[in-house]
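S.K.:
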Amino acid sequence: MLGLGRLSHLIPLLALLGLSTPALAGPHFSQPVPSFEAALATANQGGKVLLAIFSASWCGPCKVLARDMRKPGAKGALEKLHVVIYDGSEGEVGSALFRHLGLSSFPTLVAFDRGGQAAVKQSGYGSWDRMSKWLRELPERAVSIDQAIVAADKSPKNAELQLTVAGRLISLRRADEARRFYQRAQQHGSDAQAATAAWELLRLDTGDAYNESGRQAAEAFIARYPKSSEAGRALRFLAALPHPNVALLERLITARIDAAKGEHEVTGLIDPALHSRALRAAKIAAEWLAKRHPDSPASLDAQAEVAFVVDRDAPRAIALCEKAIEKSLEKNGSGLDERREALARYRRNQGDPSDGVRDFSAPRLLPDSPRGSSPPGYFTRLRQAQAAVREGCSAMGGSQSHLQAMIVTQKGAPHQIVFHPNTPAALANCAEPHLKNIDLPPGNTYSVEVGLSLPSDAEAIDLAVATAEEECASLAGEQRSLDLVLRSGLGLPVQIVYAAGSPELRACVDRVLLPLKLGRAVLQELTLRFPKAD
0 MLGLGRLSHL IPLLALLGLS TPALAGPHFS QPVPSFEAAL ATANQGGKVL LAIFSASWCG
60 PCKVLARDMR KPGAKGALEK LHVVIYDGSE GEVGSALFRH LGLSSFPTLV AFDRGGQAAV
120 KQSGYGSWDR MSKWLRELPE RAVSIDQAIV AADKSPKNAE LQLTVAGRLI SLRRADEARR
180 FYQRAQQHGS DAQAATAAWE LLRLDTGDAY NESGRQAAEA FIARYPKSSE AGRALRFLAA
240 LPHPNVALLE RLITARIDAA KGEHEVTGLI DPALHSRALR AAKIAAEWLA KRHPDSPASL
300 DAQAEVAFVV DRDAPRAIAL CEKAIEKSLE KNGSGLDERR EALARYRRNQ GDPSDGVRDF
360 SAPRLLPDSP RGSSPPGYFT RLRQAQAAVR EGCSAMGGSQ SHLQAMIVTQ KGAPHQIVFH
420 PNTPAALANC AEPHLKNIDL PPGNTYSVEV GLSLPSDAEA IDLAVATAEE ECASLAGEQR
480 SLDLVLRSGL GLPVQIVYAA GSPELRACVD RVLLPLKLGR AVLQELTLRF PKAD
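Here numbering that gives the first Met the number 0 is used: the first residue of the sequence shown is 0, the next is one more, and so on.
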């Protein structure tokens, strides 16, 4: 059992379990509850599984999850669980348990076995259908590690179970035992599961991989799992090597462009392509962006850099950059300083690439547990913080595809975080708690660059609706729902038509929904459901 003392701000979602408490308005953390030990005892006495949801007040997906858990149809998925939710942000009372479990992003859900050991984890939130299925399976999965091993041995073709047991063994520093479970998942799992298992085996075997063995391992992995998300990480590693295999990278980058579904997937390939001199692939990426996203500032940025570096066409780079500035001003104005610096560079026409191309680097292929030549301890903590920023703060980045910052550490004093001048305030406010409290050696400066995942239109609308439901609940009075129609033309502002609602309530919803920037024409009927006040 975790001896972490009394965590006085855990919040049982008792209303979701059918007990008589006020409905929650969203992920907030004001009600005192028992310690972790007491919460576990309550779950065990009731014959339920303890499920902790780690959230944060600024976390958009957390709000969407809380909204979906309030819906009447959610009760069946939660009836066998004792659910608690608390703030895992740095400086909050839940941060001790959050750090103890080695977590790095919000929301993260952790189910515990009867002995208080973390048994099953789930990070992020996509859809309720998928989450509901995961929740219903928890009572069978949240068992002791010994029981889990027995169950995995009995079902060797259940790849998801094999991956879960292997991950638990890694967290317990039992890497040698984890191997056979990863090997089973690789043999019997889906393409995605096999790729995940193979990647973890590679990480266990490789050690400090910034060398020829790392190159060979990464190339072999990509050859076998070219479309996997892990292959993207391996590709960035190969592109950052001192003498990259340009012909191979041309093929790999082109293949990922062909399979891309979103703009950010392709803009993220520009820097590694240019840095590694995979110039033909860079041209293909620019053509893809010009055809599918001709007016996006991020797309125009990438096209301009390719025109300047590959084609040596400074006038075209200048024209594209000027258009990017114009389109950025039409939206939220983010990234203007960076684009003006690029424009000045193009006008100087001295052939110097962007800082992102020149200083491109990628994390090494390092395992999470120490094997062979290990990284310093702070390296993993820094990576975890960057992952937390990517997953929790991407929605605050506007049109920006990356966040750049410097962490300055001093002995006996808090870290100083210096953000790139073009960083939106909301993005900086979200990222700063993640970066400011990393345990780093004093007297150094650490450069941080985080690629941001831009939300789709559907995700942006879903997040805005969840935010409006939370922020406008106090104005709803006895009105528990609000029907509206959201309309937006390509490049045109959002319009909202209401069926009912007071002027004050409509004005509040307008403040949240009207600033939406959507990449396609939308005509959608929405229903906002407001929780009762505590």
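No residue lacks a Cβ here, since even glycine has one placed at the ideal position from N, Cα and C.
Looking at C-alpha atoms only, which residue of K435, N43, E431, G115 is the closest neighbour of A412?
M.R.: Answer by Cα proximity: K435.
S.K.: Look at the alpha carbon of P60 and the alpha carbon of Q385, and state the distance between them as a whole number of angstroms.
M.R.: C-alpha separation (whole angstroms): 18 Å.
S.K.: Going straight from the alpha carbon of I52 to that of Q494, what length do you get?
M.R.: Approximately 35 Å between the Cα atoms of the pair.
S.K.: Grab the span of the alpha helix (DSSP H) containing Q182 for me, first residue to last.
M.R.: 174-187 is the extent of the alpha helix (DSSP H) around Q182.
S.K.: Which class does R486 belong to by DSSP, given the choice of helix, strand or coil?
M.R.: Correct three-state label for R486: strand.
S.K.: For the alpha helix (DSSP H) containing A240, list its first residue and its last residue.
M.R.: A quick correction: the sequence has Leu, not Ala, at residue 240. L240 -> no alpha helix (DSSP H), and no H or E assigned at all.
S.K.: Can at least three beta-carbon pairs, one atom from the region 235-255 and one from the region 272-281, be found at a separation below 8 Å?
M.R.: Because the criterion of three Cβ pairs below 8 Å is met, the region 235-255 and the region 272-281 touch.
S.K.: Can you give the Cα-Cα distance for P293 and I437, rounded to whole angstroms?
M.R.: Using only the alpha carbons, I get a separation of about 40 Å.
S.K.: Tell me whether the beta-carbon of E249 lies closer than 9 Å to the beta-carbon of A285.
M.R.: Not in contact: E249 and A285 (Cβ atoms no closer than 9 Å).
S.K.: My output table needs one value for R528: the three-state DSSP class, helix, strand or coil.
M.R.: Strand.
S.K.: Hey, how far is the Cα of A316 from the Cα of A301?
M.R.: Distance between the alpha carbons of A316 and A301: 10 Å.
S.K.: With burial defined as no fewer than 16 other Cβ atoms inside 10 Å of the residue's Cβ, what is the status of E524: buried or exposed?
M.R.: The residue is exposed, with fewer than 16 neighbouring Cβ atoms inside 10 Å.
S.K.: Got a sec? Which residues, its chain only, sit under 6 Å from V449 by beta carbon, not counting five neighbours each side?
M.R.: For V449, where only same-chain residues beyond five positions count, the Cβ hits under 6 Å are Q385, V388, R389, L402.
S.K.: Check whether the region 68-82 touches the region 473-480, taking contact to mean three or more Cβ pairs, one atom from each stretch, closer than 8 Å.
M.R.: With a cut-off of 8 Å, the region 473-480 and the region 68-82 do not count as touching, because too few Cβ pairs lie within range.
S.K.: What separation, rounded to the nearest whole angstrom, lies between the Cα atoms of L288 and T266?
M.R.: Approximately 8 Å between the Cα atoms of the pair.
S.K.: Closer than 8 Å to a non-hydrogen atom of the ligand SAM - does that hold for the CB of L247?
M.R.: The model depicted lacks the ligand SAM and carries no ligand whatsoever.
S.K.: Between L162 and A151, what straight-line distance do the alpha-carbon atoms span, to the nearest angstrom?
M.R.: Whole-angstrom Cα-Cα distance: 9 Å.
S.K.: The beta strand (DSSP E) with H81 in it runs from where to where?
M.R.: Its beta strand (DSSP E) spans residues 80-86.
S.K.: Suppose you measure from the CA of G350 to the CA of L247; what does that come to, to the nearest Å?
M.R.: Answer to the nearest angstrom: the Cα atoms are 25 Å apart.
S.K.: Can you look up V496 in the DSSP assignment and give me helix, strand or coil?
M.R.: Looking at V496 - three-state DSSP - the assignment turns out to be strand.
S.K.: In whole angstroms, what separates the C-alpha of D204 from that of R66?
M.R.: So the alpha carbons of these two residues sit roughly 43 Å apart.
S.K.: Which residues in the same chain have their Cβ closer than 6 Å to the Cβ of Q185, if we skip the five residues on either side of it in sequence?
M.R.: Only A193, A196, A197 meet the Cβ criterion.
S.K.: Only counting the same chain, and skipping five residues up and downstream in sequence, which positions put a Cβ closer than 7 Å to that of A427?
M.R.: F418.
S.K.: According to DSSP, simplified to helix, strand and coil, what is S275?
M.R.: Reduced to three states, the DSSP call for S275 is coil.
S.K.: Confirm, please, whether the CB-CB distance from A118 to L100 is below 9 Å.
M.R.: Against a cut-off of 9 Å, the Cβ pair of A118 and L100 comes out as no contact.
S.K.: At what residues does the beta strand (DSSP E) containing G476 begin and finish?
M.R.: It is not in any beta strand (DSSP E) - G476 carries neither H nor E in the DSSP assignment.
S.K.: Enumerate, from N- to C-terminal direction, the unbroken alpha helix (DSSP H) stretches of 4 or more residues contained entirely within the region 384-444.
M.R.: Counting only runs of 4 or more, we get 424-435.
S.K.: Taking only the alpha-carbon atoms, compute the straight-line gap between R98 and R135 and give it to the nearest angstrom.
M.R.: R98 and R135: Cα-Cα distance of roughly 27 Å.
S.K.: Mind checking which residues open and close the alpha helix (DSSP H) that includes A196?
M.R.: Taken as a continuous stretch (DSSP letters only), the alpha helix (DSSP H) holding A196 covers 190-205.
S.K.: Would you kindly work out how many angstroms separate the C-alpha atoms of I252 and G114, rounded to a whole number?
M.R.: Cα to Cα, I252 sits roughly 47 Å from G114.
S.K.: Count the other CB atoms, across all protein chains shown, that sit within 10 Å of the CB of K62; report buried if there are 16 or more and exposed otherwise.
M.R.: Per the 10 Å Cβ criterion, buried.
S.K.: Rounding to the nearest angstrom, what Cα-Cα distance links I406 and A425 in this structure?
M.R.: Their backbone Cα atoms lie some 18 Å apart in a straight line.
S.K.: Using the C-alpha atoms, what's the distance from G518 back to I221?
M.R.: Between I221 and G518, the C-alpha separation is close to 32 Å.
S.K.: Out of I324, L328, E264, S353, point me to the one whose CA is closest to A306's CA.
M.R.: That would be S353, whose Cα lies nearest to the Cα of A306.
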